[in-house]
Amino acid sequence: MHYLRISDEPIDVSEMYKQLVAPEYGGIDMFVGTVRQWTGEIETTKIEYSAYHPMAEKQLEKIAAPIEEQGGRVVVAHRTGELTLTDIAVFVGVAAPHRAEAFKWCQHVIDTLKHEVPIWKKEYDTDKVRWGN
Numbered sequence: 001m002h003y004l005r006i007s008d009e010p011i012d013v014s015e016m017y018k019q020l021v022a023p024e025y026g027g028i029d030m031f032v033g034t035v036r037q038w039t040g041e042i043e044t045t046k047i048e049y050s051a052y053h054p055m056a057e058k059q060l061e062k063i064a065a066p067i068e069e070q071g072g073r074v075v076v077a078h079r080t081g082e083l084t085l086t087d088i089a090v091f092v093g094v095a096a097p098h099r100a101e102a103f104k105w106c107q108h109v110i111d112t113l114k115h116e117v118p119i120w121k122k123e124y125d126t127d128k129v130r131w132g133n
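Here's what the structure looks like:
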């Protein structure tokens, strides 16, 4: 069973964690990505995320399926809309029977999400606007 959400609503880490807890899991690994102020020498003031929801949800399902077939559980929440500094942009959590799998799978999910899921970010810097992926 997985929980995958792309929404304008804030991400509640405690609620996401509750989705991962079950007696069969001995390891839970979580990644929480926030809006940071500095990227090198570029100062960010806010970020606006947008997504192509049907395709993004389909891609998230494809990422979660193999992990769940191997006995894990995947929880992903990604914000859309305007976020300011320190807001939570993404939560990825994976529960597994053992910690090594949880660590490995969590990193796989966030890395694959960033490269394959159609979610775009528009970064507002102190002097310009940039599009990133």
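If you count by the working numbering, then the sequence shown holds residues 1 to 133, one letter each, in order. Built from N, CA and C at the ideal position, the CB exists for glycine as well.
Closest residue to residue i among the options (Cα-Cα distance)
i	options	result
Q19	V76, R36, H53	V76
G93	Y17, A100, K121, L83	Y17
K121	V109, V35, G26, E9	V35
L60	S14, D125, T112	T112
P10	V90, H53, M30, K58	V90
T45	V13, Q107, V74, T126	T126
Span separating the alpha-carbon of residue i from that of residue j
i	j	result
M1	I63	13 Å
H98	E68	14 Å
L4	Q37	27 Å
Y49	E82	7 Å
E101	G27	8 Å
N-terminal and C-terminal residue of the beta strand (DSSP E) that residue i is part of
i	result
T80	Neither: T80 is in no beta strand (DSSP E) and is coded neither H nor E.
Unbroken alpha helix (DSSP H) run spanning residue i, endpoints
i	result
Y17	13-20
Helix, strand or coil at residue i [DSSP, three-state]
i	result
M1	coil
Contact with chain C by residue i, beta-carbon distance below 8 Å
i	result
E48	The chain labelled as chain C is not found in the depicted structure, where only one protein chain is given.
Inter-residue CB distance, residue i and residue j (contact presumed, cutoff 8 Å)
i	j	result
Y25	A95	4 Å
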